[in-house]
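Visitor: Mapping to our numbering: the sequence shown position 154 is 206, numbers consecutive.
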Amino acid sequence: MKVARTLAALFAYGFGALLACASVAGAEGVRLGEFEYFPEYTNAAPPPPEAVGPARTNGIVRATDSKPRDARFLRGRFDLDAQPHEVYALYISAANRGVRAFVNGVEVGSTSLSDAERFGWNYPLFFSIPPALLHPGSNTLDLRLTLNESGWGSLRDAEIGPHATLKPIYDKVLFWRITGPQITSLIAVLTGALALLVWMRRRRETVFLWFALTCFMAAIRNAHFYVSAPISGFWYEVWAAVPLHWMSAAFALFSLRLCERRFPKTEATLLWAALAWTLIVLLAGPAHIRLTVDLGYLWLMIVNLGILVFAFMQCLRQPKVERILLFIAVLVSVAFGTMDLTLLTSMRDSDWRVYMLPYSTLFISLAVGAVLVDAFARARSRQEQLNVELDARLAARERQLREQHQTLLKLEREQAVAHERQRILRDIHDGLGSQLISSIHLVEGGTLEPARVGALLRECVDDLRLAIDSLKPAGEDLLAVLGNFRYRMEPRLAHAGVRLDWHVAADSRSPRLGAQQILHTLRIVQEAVTNALKHASPSVLRISFREETEAGEWTLSVEDDGVGFRMPSDQSRGEGLQNMRTRAAQARLNLTIESNETGATVRIVGTSDNE
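1) Sort 211, 655 and 580 by Cα distance to residue 590 and report the nearest one.
2) If you compare alpha carbons, which of 570, 615, 333 and 654 is closest to residue 660?
3) What first and last residue would you give for the alpha helix (DSSP H) that runs through residue 336?
4) Taking only the alpha-carbon atoms, compute the straight-line gap between residue 208 and residue 235 and give it to the nearest angstrom.
5) Going straight from the alpha carbon of residue 77 to that of residue 83, what length do you get?
6) Please identify the residue among 578, 641 and 383 whose C-alpha is closest to the C-alpha of residue 610.
7) Please go through the same chain and pick out, in chain order, the residues whose beta-carbon is closer than 7 Å to the beta-carbon of residue 298, but skip the five residues on each side of it.
8) Rank 572, 289 and 305 by C-alpha distance to the C-alpha of residue 702 and give the top, closest one.
9) Assuming contact is defined by CB atoms lying nearer than 8 Å, are residue 159 and residue 152 in contact in what I supplied?
10) If you follow the beta strand (DSSP E) that residue 128 is in, where does it begin and where does it stop?
11) Identify every residue that forms a DSSP beta bridge with residue 644.
12) Have a look at 488, 413, 104 and 311 and flag the residue whose alpha-carbon is nearest the alpha-carbon of residue 90.
13) Would you give the residue range spanned by the beta strand (DSSP E) that residue 542 belongs to?
14) Between which residues of its own chain and residue 561 is the CB-CB distance below 7 Å, once the five residues before and five after are set aside?
15) Counting only the same chain and skipping the five closest in sequence on each side, list residues whose C-beta sits under 7 Å from that of residue 296.
16) Give me the DSSP bridge partner(s) of residue 87.
17) Alpha carbon to alpha carbon, how far is residue 495 from residue 630? Give it in angstroms, no decimals.
18) If contacts are defined as beta-carbon pairs under 8 Å, then residue 155 and residue 193 qualify, I think. What distance do you get, rounded to the angstrom?
19) Quick check: the Cα distance between residue 245 and residue 257, rounded to an integer number of angstroms?
20) Assuming residue 614 and residue 651 form a contact by the criterion Cβ under 8 Å, report the distance between their Cβ atoms to the nearest whole angstrom.
21) Pick from 448, 116, 157 and 391: whose alpha carbon is nearest that of residue 102?
22) If you measure between the beta carbons of residue 182 and residue 139, is that distance less than 8 Å?
23) What residues match up with residue 97 in a beta bridge as DSSP calls it?
24) What span of residues does the alpha helix (DSSP H) with residue 390 cover, start to end?
25) Leaving out five residues before and five after residue 262 in sequence, what residues of the same chain have Cβ atoms less than 8 Å from its Cβ?
26) In the DSSP output, which residue or residues are listed as bridge partners for residue 178?
27) Determine the closest residue to residue 392 out of 406, 538 and 556, with distance taken between C-alpha atoms.
28) CA-CA distance, residue 454 and residue 447?
29) Give me whichever residues DSSP pairs with residue 289 in a beta bridge.
30) Residue 552 bridges to which residues according to DSSP?
31) Of the residues 96, 116, 86 and 128, which one's Cα is nearest the Cα of residue 109?
32) So does the stretch 184–193 actually touch the stretch 121–136, counting three or more Cβ pairs closer than 8 Å?
33) Please confirm whether residue 220 and residue 286 have their CB atoms less than 8 Å apart.
34) Could you name the residues that DSSP lists as bridge partners for residue 609?
35) Skipping 5 residues on each side, what residues in its chain have a beta carbon closer than 7 Å to that of residue 233?
36) Which residues share a DSSP beta bridge with residue 266?
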């Protein structure tokens with residue numbers, strides 16, 4: 053709302069300034085309000101000094117018998133008390149066609165070098181008069197006025213006075229009539245281009261498209277206030293009127309989009325009316341162009357009053373900043389258009405004759421610019437708020453993830469401990485436990501010799517040491533664990549009369565295996581050695597390790613030269629062999645067991661990355 057109040061104050065200040073500039077009185081000088089009119093005199097030179105015009109006019113000429121680009125002379129007379137010693141000047145507020153000025157029969161200036169029809173009607177005219185051309189007493193000012201194709205011509209407010217007095221008036225009028233509309237057109241083009249670029253990036257927001265078309269049509273229409281070019285009166289009227297209709301239609305659709313309202317039938321009516329009126333103007337021709345344009349202005353008044361009422365109702369319905377600014381801009385535009393209409397129809401007179409409608413473009417551009425800035429500021433605030441909320445959500449999510457991660461790590465540690473406990477329990481139960489139970493039964497039966505009791509106890513100790521070795525740091529190095537196994541089993545084998553043939557190269561690389569996989573591998577090797585000792589009666593036991601460096605595979609073999617053993621037909625039988633296969637599957641190893649009358653072979657095949 054602060055933006056709306058600020059812009060409303062600026063609008064009021066600018067509106068007052070324009071009204072003031074439009075009603076400033078002229079400076080001291082000789083003002084010629086009436087002229088002698090020579091309807092039959094069409095020569096290039098002015099009438100003789102002694103000639104008197106048969107008619108009088110206030111500067112408006114209508115010649116029914118004129119030819120295209122014909123001209124008529126107007127004569128004004130003024131008196132000087134003394135011979136001037138300073139440069140004088142002729143200031144003419146406006147002339148709708150070319151003008152040639154003569155002071156006491158001598159030409160002092162013209163708007164063009166020929167009588168070609170030119171449209172510079174909004175330009176003020178300023179011609180310097182050397183003091184030598186003036187004299188005390190009566191002086192004559194002859195103005196050769198070019199008529200349009202309808203035989204109509206006009207000039208207003210001719211004034212003769214000191215150059216230093218009239219030049220500031222001319223400069224100010226030139227600025228407000230010509231430079232001001234040029235500036236507003238430039239602002240309209242730049243603002244429209246910016247809006248068009250925004251629409252090209254955001255096609256769904258057609259409010260920017262309609263505003264861009266409004267600005268472009270306003271710039272084209274405003275150009276007729278300051279562009280001076282040879283053109284026929286018909287096409288000049290088309291240029292002045294047609295863009296104004298399309299501007300009003302585009303501005304109406306822009307207003308609807310800005311207020312977030314849709315009226316499809318009304319929108320279609322406005323666009324079709326603009327198109328139909330354009331075709332009517334083009335088909336009317338020079339004979340009926342004036343009547344057609346006047347009827348079109350009546351339609352524009354209805355459209356703009358409708359936009360004003362709509363904007364006012366939207367402000368009452370929901371007083372947003374953009375709607376308040378829209379209402380102010382439309383109100384200023386309607387007020388300026390009404391002032392121009394009264395000036396055009398001579399219902400209102402002004403020394404400077406400044407048309408106000410071009411400046412409504414400035415107010416509209418400022419209003420929409422303020423809306424865009426306000427929308428950008430609000431979007432920026434929303435973005436910053438969203439960033440803050442997003443950062444807070446991310447921080448909360450990170451905390452939640454860290455807590456979940458810590459919980460997961462805790463669960464993994466607890467699960468690992470549980471698995472390790474289960475493994476140790478299973479190994480002790482399967483190895484040491486079974487050995488101790490068997491030994492207890494044998495000892496209690498009284499059939500076991502003392503030497504055999506010692507062997508059983510050594511086997512129990514070996515099982516316990518194997519379980520302990522798998523828990524040591526070296527337990528993840530298969531070759532190191534195999535070395536410990538050799539160290540503990542070789543004396544036992546020697547006591548049983550079996551020679552251990554060890555084929556593991558010192559420079560062999562140990563495959564990457566986990567502690568549980570290594571323990572399964574050791575249990576398979578232990579089971580193979582135990583089976584050989586119990587069932588095969590070997591003299592030599594061969595343990596070998598081979599690594600295939602290219603394929604990444606490794607092979608661990610346990611071979612004996614005993615009598616072999618009979619492979620069970622049902623794999624569910626043979627508890628020791630089945631345990632070996634189960635452990636191989638759990639460790640993701642390939643196990644092959646072969647037995648014949650010359651011995652048995654247990655082969656374990658794995659890869660170095662099967663951890």
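Ideal placement from N, C-alpha and C gives every residue a C-beta, glycine not left out.
Guide: Working from what's here:
1) Here the question's residue 590 lines up with position 538 in the sequence shown. When each option's Cα is compared against that of residue 590, the closest is 580.
2) The count along the sequence shown starts at 1 and reaches residue 660 at position 608. Of the listed residues, the one whose Cα sits closest to residue 660 is 570.
3) If you number the sequence shown from 1, residue 336 lands on position 284. Element bounds for residue 336: 316–369.
4) Against the sequence shown, residue 208 aligns to sequence position 156. Against the sequence shown, residue 235 aligns to sequence position 183. Spanning the two alpha carbons is a distance of roughly 25 Å.
5) Reading the sequence shown from its first residue, position 25 is the one you call residue 77. Reading the sequence shown from its first residue, position 31 is the one you call residue 83. Low per-residue confidence applies at residue 77: pLDDT is 37, beneath 50, and the placement is therefore not dependable enough to give any value.
6) Residue numbering aside, residue 610 sits at position 558 when the sequence shown is read from its first letter. When only C-alpha atoms are compared, the closest one is 578.
7) Here residue 298 is taken as the residue at index 246 of the sequence shown, counted from 1. Here the set comprises 269 and 326.
8) Any question about residue 702 goes unanswered here, given that the chain covers just 53 to 663.
9) Translated into positions along the sequence shown, residue 159 becomes position 107. Translated into positions along the sequence shown, residue 152 becomes position 100. Result yes, Cβ atoms of residue 159 and residue 152 sit closer than 8 Å.
10) Within the sequence shown, the letter at position 76 stands for residue 128. Residue 128 -> beta strand (DSSP E) spans 123–132.
11) Counting from one through the sequence shown, the residue named residue 644 turns up at place 592. DSSP lists 655 as partners of residue 644.
12) Within the sequence shown, numbered from 1, the residue matching residue 90 stands at position 38. It is 104 whose Cα lies nearest to the Cα of residue 90.
13) Walking along the sequence shown from the start, residue 542 turns up at place 490. Here residue 542 belongs to no beta strand (DSSP E); instead the alpha helix (DSSP H) covers 530–547.
14) Numbered from 1 along the sequence shown, position 509 holds the residue referred to as residue 561. Cβ within range, chain order: 599.
15) The sequence position of residue 296 within the sequence shown is 244, counting from 1. Only 273 and 352 meet the Cβ criterion.
16) Looking up residue 87 in the sequence shown gives position 35. Note: residue 87 sits in a beta bridge opposite 109.
17) Start at 1 with the first residue of the sequence shown, and residue 630 comes out as number 578. Start at 1 with the first residue of the sequence shown, and residue 495 comes out as number 443. In a straight line, the C-alpha of residue 630 is about 28 Å away from that of residue 495.
18) Start at 1 with the first residue of the sequence shown, and residue 155 comes out as number 103. Start at 1 with the first residue of the sequence shown, and residue 193 comes out as number 141. With 8 Å as the limit, residue 155 and residue 193 qualify as a contact, their Cβ atoms being about 6 Å apart.
19) The residue you call residue 245 lines up with position 193 of the sequence shown. The residue you call residue 257 lines up with position 205 of the sequence shown. Going from the Cα of residue 245 to the Cα of residue 257 covers about 15 Å.
20) On the sequence shown, residue 614 is found 562 positions in, with the first residue counted as 1. On the sequence shown, residue 651 is found 599 positions in, with the first residue counted as 1. Sure, about 6 Å apart at Cβ, within 8 Å.
21) Residue 102 sits at position 50 when you count from the first residue of the sequence shown. Residue 102 has its Cα closest to that of 157, out of 448, 116, 157 and 391.
22) For the purposes of this step, residue 182 is identified with residue 130 of the sequence shown, where counting begins at 1. For the purposes of this step, residue 139 is identified with residue 87 of the sequence shown, where counting begins at 1. Yes.
23) Here residue 97 refers to the residue found at position 45 of the sequence shown. For residue 97, which the question treats as bridged, DSSP gives no partner whatsoever.
24) As a working mapping, residue 390 is identified with position 338 in the sequence shown. Unbroken alpha helix (DSSP H) run through residue 390: 373–396.
25) The sequence position of residue 262 within the sequence shown is 210, counting from 1. The residues are 302, 303, 305, 306 and 309.
26) The residue given as residue 178 occupies position 126 in the sequence shown. Answer by DSSP bridge pairing, in chain order: 143.
27) Within the sequence shown, the letter at position 340 stands for residue 392. Of 406, 538 and 556, the residue nearest in Cα terms is 406.
28) As a first step, residue 454 is located in the sequence shown; it is residue number 402 there, counting from the start. As a first step, residue 447 is located in the sequence shown; it is residue number 395 there, counting from the start. Computed Cα separation, rounded: 10 Å.
29) If you number the sequence shown from 1, residue 289 lands on position 237. Note: residue 289 sits in no beta bridge, so no partner.
30) The count along the sequence shown starts at 1 and reaches residue 552 at position 500. DSSP, once it has assigned bridges, lists 593 as partnering residue 552.
31) Start at 1 with the first residue of the sequence shown, and residue 109 comes out as number 57. The option with the nearest alpha carbon to residue 109 is 86.
32) yes
33) On the sequence shown, residue 220 is found 168 positions in, with the first residue counted as 1. On the sequence shown, residue 286 is found 234 positions in, with the first residue counted as 1. It is not a contact, given that the beta carbons lie outside the stated cut-off.
34) Walking along the sequence shown from the start, residue 609 turns up at place 557. Residue 609 is bridged to 596 and 655.
35) Here residue 233 refers to the residue found at position 181 of the sequence shown. The answer, listed in chain order, is 274, 277, 278 and 410.
36) Counted from its first residue, the sequence shown places residue 266 at position 214. None; residue 266 has no bridge partner.
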